[in-house]
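Participant: Residue numbers are given in the working numbering: position 110 of the sequence shown equals residue 262, and the series is strictly consecutive. Would you mind keeping the following structure in view while I ask a few things?
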Amino acid sequence: MPSFAFSVDDDPPHSGFSLGHLDVSSRNGSATTRGHTPDQRLMVYLSAAQLLWDARVLVEAGRGTRTFVGADSSFALDFTLRKGKVETRQGKQVLDVSSVDDFLTAILEAARHLHETGTTELEEDHGPLDDLAAAIAKYESWRSSRS
Numbered sequence: 153m154p155s156f157a158f159s160v161d162d163d164p165p166h167s168g169f170s171l172g173h174l175d176v177s178s179r180n181g182s183a184t185t186r187g188h189t190p191d192q193r194l195m196v197y198l199s200a201a202q203l204l205w206d207a208r209v210l211v212e213a214g215r216g217t218r219t220f221v222g223a224d225s226s227f228a229l230d231f232t233l234r235k236g237k238v239e240t241r242q243g244k245q246v247l248d249v250s251s252v253d254d255f256l257t258a259i260l261e262a263a264r265h266l267h268e269t270g271t272t273e274l275e276e277d278h279g280p281l282d283d284l285a286a287a288i289a290k291y292e293s294w295r296s297s298r299s
């Protein structure tokens with residue numbers, strides 16, 4: 153199962169539009185927004201909501217590829233669904249192949265963790281955090297309706 157982790161990388165005060173990182177790892181490899189030129193940091197709260205949306209669109213389609221691009225970033229990941237498995241790639245590097253349920257769980261865990269962090273650290277512009285909360289609620293409702 154892949155691991156997705158968002159983190160804020162702005163000096164306080166943190167806002168809903170703060171920039172930060174996404175780290176993706178699995179036993180097959182890893183990808184990160186860190187250490188690139190040009191800078192690939194992304195707006196973390198908006199990007200987490202987008203990642204939830206992209207996963208849902210991919211799974212509802214039942215097959216195909218969906219590209220996630222971080223908000224205000226050039227960082228991209230490709231997700232391909234076929235035969236009940238989701239392949240996570242950055243460029244040509246395959247990072248992970250996992251079941252749909254494991255993939256959906258990994259993304260939800262990352263979004264929840266970021267939201268929990270944001271509720272204690274966010275000082276300005278709460279709109280994107282509220283949007284992330286709504287995206288998490290919709291995603292959870294959608295997932296439970298799939299069961």
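Yeah, the Cβ is synthetic: ideal placement off N, Cα and C, and Gly gets one too.
#1: Report buried or exposed for residue 245, applying the criterion of at least 16 other Cβ atoms within 10 angstroms of its Cβ.
#2: Which runs of the beta strand (DSSP E), 3 residues or longer, sit entirely within the region 199 to 253?
#3: Round the Cβ separation of residue 223 and residue 158 to the nearest angstrom and send it over; I've been treating them as touching at under 8 Å.
#4: Where do the ends of the beta strand (DSSP E) carrying residue 181 lie?
#5: Label residue 185 either buried or exposed according to how many other C-beta atoms from any shown protein chain fall within 10 Å of its C-beta, with 16 as the threshold for buried.
#6: If you run the structure through DSSP and keep just helix, strand and coil, what is residue 155?
#7: According to DSSP, simplified to helix, strand and coil, what is residue 282?
#8: What residue from 164, 156, 193 and 201 has the CA that sits closest to residue 284's CA?
#9: What does DSSP give as the partner residue(s) for residue 177 in the beta ladder?
#10: If you draw a straight line from the alpha carbon of residue 242 to that of residue 297, how long is it in whole angstroms?
#11: DSSP has residue 276 in a bridge; who is on the other side?
#12: Taking 7 Å as the limit between beta carbons, can you name the residues of its chain near residue 258, skipping five residues before and five after?
#13: Going by CA-CA distance only, name the one from 206, 205 and 227 that's closest to residue 176.
#14: Going by the CB atoms, is the gap between residue 199 and residue 174 shorter than 8 Å?
Facilitator: Short version:
#1: exposed
#2: 216 to 221, 228 to 234, 237 to 242 and 245 to 251
#3: Residue 223 to residue 158, Cβ: 11 Å. No contact.
#4: 181 to 184
#5: buried
#6: strand
#7: helix
#8: 201
#9: 155 and 182
#10: 30 Å
#11: 167
#12: 153, 154, 155 and 156
#13: 227
#14: Between residue 174 and residue 199, the C-beta spacing is below 8 Å.
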